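Enquirer: The sequence shown lines up with residues 1 to 305 when you count with UniProt numbering.
We put the beta carbon where it would ideally sit given N, CA and C, even for glycine.
Everything numeric in this text was worked out from a predicted model, so none of it was measured.
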Amino acid sequence: MLVATVIAVDPLLKKGCPEPIDVQPCKCESGPYTVLQCNHVDDTEILRNAFQKSAKYAFREVHIQFSVLQYLPYEMFEKVPVKSLYLKNTTLIQLFDQPPQSLDALDTLHLENTKLMRSIVWRLLEPLTHLRILTVYYNSIKTLGQDFSKYATKELEQLTFYATDTKYIKPGTFVDFVKLNKVALENCKLTSLTRDVFPNPFDVRVLHFNNNKLTTIPDDLFSNMPKLQTVGLRFNQIVVIPATAFQGSFSKIEWLMLDGNPIICDCRIWWLVRNKPSALSGKCALPTTLQGKDIKEVDVDNFQC
1 MLVATVIAVD PLLKKGCPEP IDVQPCKCES GPYTVLQCNH VDDTEILRNA FQKSAKYAFR
61 EVHIQFSVLQ YLPYEMFEKV PVKSLYLKNT TLIQLFDQPP QSLDALDTLH LENTKLMRSI
121 VWRLLEPLTH LRILTVYYNS IKTLGQDFSK YATKELEQLT FYATDTKYIK PGTFVDFVKL
181 NKVALENCKL TSLTRDVFPN PFDVRVLHFN NNKLTTIPDD LFSNMPKLQT VGLRFNQIVV
241 IPATAFQGSF SKIEWLMLDG NPIICDCRIW WLVRNKPSAL SGKCALPTTL QGKDIKEVDV
301 DNFQC
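1. Please report the distance separating the alpha-carbon of I217 from that of N261.
2. Which residues share a DSSP beta bridge with G232?
3. Going along the chain, which residues of its own chain have a beta-carbon closer than 8 Å to the beta-carbon of A245, five neighbours each way excluded?
4. The beta strand (DSSP E) with E297 in it runs from where to where?
5. Please name the residue in R60, L87 and M76 whose C-alpha comes closest to that of H40.
6. Is K283 buried or exposed, if buried means 16 or more other CB atoms sit within 10 Å of its CB?
7. Do I120 and T90 have their C-beta atoms within less than 8 Å of each other?
8. May I ask you to report which of helix, strand or coil DSSP gives T44?
9. Three-state secondary structure (DSSP) at E75?
10. Quick one: what's got a C-beta closer than 7 Å to V6's C-beta in the same chain, skipping five residues either side?
11. List the endpoints of the continuous beta strand (DSSP E) containing F161.
12. Since M101 is in the alpha helix (DSSP H), which residue starts that stretch and which ends it?
13. Pull the bridge partners of L111 from the DSSP assignment, please.
14. Tell me which same chain residues have a C-beta within less than 6 Å of the C-beta of Q158, skipping the five on either side of it?
15. Assuming the contact rule is C-beta atoms closer than 8 Å, F198 and V175 should be a hit. Round their C-beta distance to whole Å, please.
16. Of the choices D203, T215 and G172, whose alpha-carbon is the least far from that of T191?
17. Using beta-carbon positions only, say whether R234 and N211 come within less than 8 Å of one another.
18. Let me confirm a value: F202 is counted as buried when at least 16 other C-beta atoms fall within 10 Å, else exposed. Which label applies?
19. Can you check whether the CB of L144 is closer than 8 Å to the CB of L116?
20. Residues bridged to residue 310 by DSSP?
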């Protein structure tokens, strides 16, 4: 919304697209909003030139795809407001050559199958003070910790990492990110999670940790999250879902996804079946008499608890 406000109040900004010849090899489309698409770019100067000739225009989205570049020159954004930046199937040494001060109004940053030779340098994202959505697909982020906490804006609302080889989230990493309403680390390599990673209380609505290597759920992992609605834990190695893990959080949960886990269906799932959310998925692995049975269909009245 911030970029739209800037566009509305700046009388010097032009509407629509620059002349096609000015932005070659990029292409601009002006409806329903202005999008700049740059494919197969292998020279930083070509990209810089396209932005220089786009001065005083504003792009709702910029897409850079199938390109090989050293970096995105920080100064090319100085006279070209951008709200959303998407990089797909692109290789760079690093994302920007310097922290891009002129991208302070950027709302969305999406990196998909974008190889950064120096990995993600979180310091370069420090000027992105109004970033709300950060999405990283198919990259390498082994650990999340102090660097992320220090430089990523606390305005973040949605954070998605997919297939990023993330093995560990250090305690306190997200503690100051109180505006997050969605956190997803999927198809990563997480072996454990702890409650002290997140704020307490935490107003998150969606948590997805599907396709990891989690074996246990700590007794307090989802506690004190009063707005939590969706929890995805598909295809891990979890055998028990403790009731205490959802202390003060279970009343609003609508989706709890446990498919692909070797869940033991004994007295420890009594609470879950009795209070099952509207969408509960997952099957029993043990005991053998219940193997393959949907958890939501287990008759806990037959348990001797």
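Expert: Reading it off the structure:
1. 12 Å
2. H208 and M257
3. I217, P218, D219, D220, L221, F222 and S223
4. It is not in any beta strand (DSSP E) - E297 carries neither H nor E in the DSSP assignment.
5. Checked all of R60, L87 and M76; the closest Cα to H40 is L87.
6. The residue is buried, with at least 16 neighbouring Cβ atoms inside 10 Å.
7. no
8. helix
9. helix
10. Because the pLDDT at V6 is just 41, under 50, the model does not fix this residue reliably, and the point stays unresolved.
11. Q158 to Y162
12. A small fix is needed here, since residue 101 is Gln in this sequence, not Met. Where Q101 is concerned, there is no enclosing alpha helix (DSSP H), given that its DSSP letter is neither H nor E.
13. Beta-bridge annotation (DSSP): L111 is paired with L87 and V136.
14. I133 and K182
15. 7 Å
16. T215
17. Against a cut-off of 8 Å, the Cβ pair of N211 and R234 comes out as a contact.
18. buried
19. no
20. As shown, the chain starts at 1 and ends at 305. That puts residue 310 outside it, with no answer to give.
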